[in-house]
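All you need for this note's numbering is the position in the sequence shown, starting with 1, plus 413. C-beta atoms are modelled at their ideal positions from N, C-alpha and C, and glycine is treated no differently. Quick caveat: nothing in here was measured; it's all calculated off a predicted structure. Data first, discussion second: the structure below is written as structure tokens.
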Amino acid sequence: MLRFKTLIALCLLFFLTICSASQTSQNQTCSSYEFSSNKPFASCRELGVLDSFLHWNFYSGSNTVEVAFRKIHTAADRWIAWAVNPTAKGMVGSQAFIVFQQNGAMKAYTAPITSYGTKMEKGNLSFPVFEVSAASSGNEIIIFARFQLPANTTVVNHVWQEGPVIGSSTLGVHALSGGNVQSHATIDFYSGKVEAVRGFSAKPYKLKVAHGVLNAISWGTLMPLGMIFARHVKVFASADPTWFYLHVCCQCLGYFLGVVGGIMGFFLRKHSSGMRFSTHGYIGATLLSLATLQVLVGFFLRPKKDHKYRLYWNLFHWGAGYATIGLGIYNVFAGLHLMNARTSKVAYTAVISTLLGIAVVLEIFTCYMVRKRSKSERSEHASGETEGIDNAFAATQEQQMV
Numbered sequence: 414m415l416r417f418k419t420l421i422a423l424c425l426l427f428f429l430t431i432c433s434a435s436q437t438s439q440n441q442t443c444s445s446y447e448f449s450s451n452k453p454f455a456s457c458r459e460l461g462v463l464d465s466f467l468h469w470n471f472y473s474g475s476n477t478v479e480v481a482f483r484k485i486h487t488a489a490d491r492w493i494a495w496a497v498n499p500t501a502k503g504m505v506g507s508q509a510f511i512v513f514q515q516n517g518a519m520k521a522y523t524a525p526i527t528s529y530g531t532k533m534e535k536g537n538l539s540f541p542v543f544e545v546s547a548a549s550s551g552n553e554i555i556i557f558a559r560f561q562l563p564a565n566t567t568v569v570n571h572v573w574q575e576g577p578v579i580g581s582s583t584l585g586v587h588a589l590s591g592g593n594v595q596s597h598a599t600i601d602f603y604s605g606k607v608e609a610v611r612g613f614s615a616k617p618y619k620l621k622v623a624h625g626v627l628n629a630i631s632w633g634t635l636m637p638l639g640m641i642f643a644r645h646v647k648v649f650a651s652a653d654p655t656w657f658y659l660h661v662c663c664q665c666l667g668y669f670l671g672v673v674g675g676i677m678g679f680f681l682r683k684h685s686s687g688m689r690f691s692t693h694g695y696i697g698a699t700l701l702s703l704a705t706l707q708v709l710v711g712f713f714l715r716p717k718k719d720h721k722y723r724l725y726w727n728l729f730h731w732g733a734g735y736a737t738i739g740l741g742i743y744n745v746f747a748g749l750h751l752m753n754a755r756t757s758k759v760a761y762t763a764v765i766s767t768l769l770g771i772a773v774v775l776e777i778f779t780c781y782m783v784r785k786r787s788k789s790e791r792s793e794h795a796s797g798e799t800e801g802i803d804n805a806f807a808a809t810q811e812q813q814m815v
């Protein structure tokens with residue numbers, strides 16, 4: 414019995430020792446951390462993801478904040494960033510402090526983030542910045558910054574991130590999963606309260622992917638494919654009216670998916686209040702308007718083939734159709750550029766290049782078939798005229814003989 418009690422006591426002592434060591438370790442990584450410059454910071458919070466910590470001093474008289482953002486378990490070929498977003502909860506619109514190692518020295522600068530395709534180029538922020546610097550030690554990088562908050566504001570949205578450095582100075586795209594899509598929070602510099610933005614970043618990212626896939630399939634693939642059926646397949650007599658149904662099927666399915674993708678785009682615009690409505694968005698709205706007009710005119714205002722207005726209808730149908738295809742392909746590439754989706758851009762380039770190659774081959778074959786058919790018709794017409802002349806001459810000879 415005594416041995417059993419001794420064993421229980423030893424286990425309890427071991428557990429308390431582990432807890433104490435864990436707490437000591439936690440304190441060393443945050444409030445008890447000592448900077449090499451011996452600079453004291455009154456407040457500190459562990460940020461929860463990406464092995465990051467934020468230390469700060471808040472000066473209420475000037476509404477100024479002095480921060481030290483620490484990222485541990487990093488490497489020399491990684492960049493790190495910490496940003497304040499005065500207008501939204503997310504990446505777009507954030508005012509960033511960025512650090513990376515270049516030729517063995519730490520480079521720190523500011524960069525406003527205006528789009529998802531940002532290259533994080535140096536620029537002034539939307540609020541006064543008095544200091545920005547960096548330090549590194551082992552596998553740890555620290556960003557030091559001092560700036561002024563907007564008037565009467567102590568609560569801000571902040572974002573932190575890390576990614577690869579390509580070559581000596583190119584900042585690569587950060588990962589799009591795990592902690593990299595969870596590194597958002599709201600912080601009150603006065604009270605020290607930090608609230609994680611739960612479920613914020615992953616959901617919009619999935620919506621962006623769905624938006625991109627739907628629009629790449631609709632405007633970027635089905636619409637050009639429908640054009641190929643209408644222009645090149647209909648020259649085959651055996652394909653009539655199959656080509657027409659294939660054309661209508663591609664255009665209608667493409668339009669439906671495009672509308673769904675467009676609605677997603679408008680939702681993303683509304684959700685990301687810090688995002689400016691870029692050229693990509695304007696082209697998307699133009700595509701929806703043009704395609705809707707094309708559908709209405711095509712189904713309800715199409716005159717018969719022998720109608721005097723059929724030529725004008727054809728001109729509108731062709732013009733609007735080719736404009737939709739051209740703008741659609743351009744906008745797919747614009748969207749992929751905004752997302753920095755290099756692999757997807759290569760894949761879509763392969764798809765559209767294949768469709769272009771097929772269209773070129775069929776265009777050559779179509780021209781050959783049209784010329785051959787025209788030549789055959791001229792030959793038959795000439796043969797018919799010769800036969801008619803011969804018959805008339807023979808009839809005249811018979812009359813003279815009589």
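Using 7 Å as the threshold, is the C-beta distance between residue i and residue j below it?
| i | j | result |
| --- | --- | --- |
| F471 | F602 | yes |
| T779 | H660 | no |
| Q508 | L538 | yes |
| W492 | F513 | yes |
| I555 | R483 | yes |
| L700 | G741 | yes |
| G625 | G530 | no |
| A704 | Y668 | yes |
| S581 | Q664 | no |
| M636 | I738 | yes |
| R559 | E544 | yes |
| N552 | T634 | no |
| A524 | S546 | no |
| A481 | F557 | yes |
| W632 | F642 | no |
| Q707 | A736 | no |
| G711 | G675 | no |
| M533 | L589 | no |
| M504 | V648 | no |
| D490 | V594 | no |
| S550 | M519 | no |
With DSSP as the reference, identify every bridge partner of residue i, one or two as the case may be.
| i | result |
| --- | --- |
| S465 | K484 |
| T583 | I579 |
| R784 | In DSSP, R784 forms no bridge with anything. |
| T477 | Y472 and Q561 |
| I771 | None; I771 has no bridge partner. |
| H571 | V497 and A598 |
| V505 | None, per the DSSP bridge assignment. |
| Q514 | M519 |
Hey, quick one: how far does the alpha helix (DSSP H) through residue i stretch, first residue to last?
| i | result |
| --- | --- |
| F746 | R723 to L751 |
| V708 | T692 to F713 |
| F405 | This structure leaves residue 405 out entirely; the chain is present only between 414 and 815. |
What first and last residue would you give for the beta strand (DSSP E) that runs through residue i?
| i | result |
| --- | --- |
| I554 | E553 to Q561 |
| P525 | A518 to P525 |
| R491 | R491 to N498 |
| Q595 | Premise fails: Q595 is in no beta strand (DSSP E) and is neither H nor E. |
| V545 | V542 to S550 |
| C457 | S456 to E459 |
What I want to know is whether the C-beta of residue i ends up closer than 6 Å to one or more non-hydrogen atoms of the ligand HEM.
| i | result |
| --- | --- |
| A763 | Annotation note on the ligand HEM: not contained in the displayed structure, which lists no ligands. |
Throw me the rounded Cβ distance for the residue i and residue j pair, which I believe falls under 8 Å.
| i | j | result |
| --- | --- | --- |
| Y761 | V773 | Not quite, the Cβ-Cβ distance comes to about 18 Å (not below 8 Å), so this is no contact. |
| E479 | W469 | 6 Å |
| G671 | N628 | 6 Å |
| V572 | L562 | Their Cβ separation, rounded to whole angstroms, is 16 Å, which puts V572 and L562 out of contact at 8 Å. |
| G506 | I526 | 7 Å |
| L751 | H693 | 6 Å |
| G605 | S456 | 5 Å |
| L638 | L724 | So it is not a contact: roughly 26 Å between Cβ atoms. |
| S450 | S691 | Going by Cβ atoms, the distance from S450 to S691 rounds to 42 Å, so no, they are not a contact pair. |
| A564 | N498 | The pair is not a contact, with the Cβ atoms about 17 Å apart (cut-off 8 Å). |
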